[in-house]
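Structure first, commentary second.
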Amino acid sequence: MRVARRLGDYVERGQQVTRLEAFVDAAFAFALTMLVISIDEIPGNRAELVQALKGVPAFAASFAVLAMFWWDHNLWSRRFGLDDGWSVLLSLVYVFLALVYVYPLKMLFGAMFGWISDGWLPSGFEFTGLADLRFMFQTYAVAFGSMGLVSLALNWRAWQQRELIGLDALERLALRRQLLANCALPLVATVSFLCASLLQPGLPGPLYGLPGFVYFGLSLLSLVRFYGRTEERQLRAAAGSDPDTQI
Numbered sequence: 012m013r014v015a016r017r018l019g020d021y022v023e024r025g026q027q028v029t030r031l032e033a034f035v036d037a038a039f040a041f042a043l044t045m046l047v048i049s050i051d052e053i054p055g056n057r058a059e060l061v062q063a064l065k066g067v068p069a070f071a072a073s074f075a076v077l078a079m080f081w082w083d084h085n086l087w088s089r090r091f092g093l094d095d096g097w098s099v100l101l102s103l104v105y106v107f108l109a110l111v112y113v114y115p116l117k118m119l120f121g122a123m124f125g126w127i128s129d130g131w132l133p134s135g136f137e138f139t140g141l142a143d144l145r146f147m148f149q150t151y152a153v154a155f156g157s158m159g160l161v162s163l164a165l166n167w168r169a170w171q172q173r174e175l176i177g178l179d180a181l182e183r184l185a186l187r188r189q190l191l192a193n194c195a196l197p198l199v200a201t202v203s204f205l206c207a208s209l210l211q212p213g214l215p216g217p218l219y220g221l222p223g224f225v226y227f228g229l230s231l232l233s234l235v236r237f238y239g240r241t242e243e244r245q246l247r248a249a250a251g252s253d254p255d256t257q258i
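The numbering of the sequence shown is the numbering used here, which starts it at 12 and goes up by one.
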């Protein structure tokens with residue numbers, strides 16, 4: 012008998028919101044409040060309001076990245092429903108890193124939009140030389156890579172528990188794809204860190220943004236779906252489902 016599937020090609024195992032998941036959700040919500048437009052005081056006039064609103068692009072980009080990491084943990088919870096000791100520990104580390112990640116995240120996007128707008132949008136970070144630029148990119152790379160490593164560890168924990176939680180063949184293939192995608196996050200962060208380390212005076216202007224541009228390489232993660240396509244068709248054919256339906 013074929014099992015009804017939800018969450019892509021996974022059977023939903025974490026149907027009840029656990030205290031751990033509620034804590035993670037609350038922590039991410041708190042992290043998002045730390046990205047508010049103006050954390051000092053409410054604007055007192057039109058000029059102050061306009062200045063505060065200029066921070067919206069950086070806020071929106073930072074919000075999207077944090078939401079991406081929250082959604083990743085949410086899917087992990089729904090798919091696998093794990094609450095063993097290692098899963099709890101990794102989730103707590105994930106929360107800790109998310110709260111720390113807020114600062115380099117806001118710093119990077121503020122600097123990026125300030126650079127794109129030639130200073131019209133506020134940067135929020137004062138650069139006094141190349142060392143500051145290098146520090147900003149390296150700090151962000153460490154934070155982003157650390158979040159990616161914990162996400163990888165969470166899915167690896169699910170892989171270790173695949174027999175216990177009863178993952179079927181299609182779910183195991185989907186999880187292997189997810190693990191490949193997770194590997195890309197710390198890898199790209201490492202490349203960014205190395206690029207930042209190589210920044211030197213006298214380089215062409217656009218090259219100073221290279222440590223940030225490498226993150227656009229994550230857009231290629233959609234190619235992971237082609238991994239195991241032959242195996243997927245065989246599994247779907249054996250299960251009696253549409254072989255052309257993608258995970």
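We treat Cβ as the ideally placed atom computed from N, Cα and C, and that holds for glycine.
- The alpha helix (DSSP H) runs of length 4 or more contained entirely in the stretch 40 to 81 are, from start to end of the chain, 57 to 64.
- Taking a 10 Å sphere around the C-beta of ASP129, we find fewer than 16 other C-beta atoms and assign the residue as exposed.
- For TYR112, the secondary structure class from DSSP, reduced to helix, strand or coil, is helix.
- When secondary structure is reduced to three states using DSSP, TYR21 falls in the strand class.
- At a Cβ-Cβ threshold of 8 Å, ALA37 and PHE91 do not count as neighbours.
- Annotated three-state conformation of THR139 is coil, per DSSP.
- Under a 10 Å Cβ-count criterion, SER157 is classified as buried, with 16 or more other Cβ atoms of the shown protein chains found around its own Cβ.
- Taken atom to atom, the span from the alpha-carbon of ASN85 to that of LEU119 is near 25 Å.
- Shown here, PRO212 sits in coil according to DSSP, grouped into three states, outside any helix or strand.
- Two segments are said to touch when three or more pairs of C-beta atoms, one from each, lie closer than 8 Å; by this definition the stretch 141 to 160 does not touch the stretch 53 to 73.
- Note that the C-beta distance between PRO115 and GLN62 is not below 8 Å.
- Bounds of the alpha helix (DSSP H) holding PRO222 are 221 to 224.
- Residues PHE148, LEU221, PRO222 and VAL225 of the same chain have their beta carbon placed closer than 8 Å to that of CYS206, with the five preceding and five following residues left out of the count.
- Counting C-beta pairs with one atom in each stretch, the stretch 174 to 182 and the stretch 206 to 216 have fewer than three that are closer than 8 Å, which means they do not touch.
- Going by beta carbons, ARG188 and TYR238 fall inside the 8 Å limit.
- When rounded, the separation of the alpha-carbon atoms in GLY159 and ILE53 is 35 Å.
- Ranked by Cα distance from GLY25, the first of ALA33, SER88 and THR201 is SER88.
- Within its own chain, the residues whose Cβ lies closer than 7 Å to the Cβ of VAL199, once the five positions on either side in sequence are excluded, are VAL225, TYR226, GLY228 and LEU229, listed in chain order.
- Between the alpha carbons of PHE41 and TYR151 lies a distance of about 20 Å.
- With a 10 Å radius around the Cβ and a threshold of 16 neighbouring Cβ atoms, ALA122 comes out buried.
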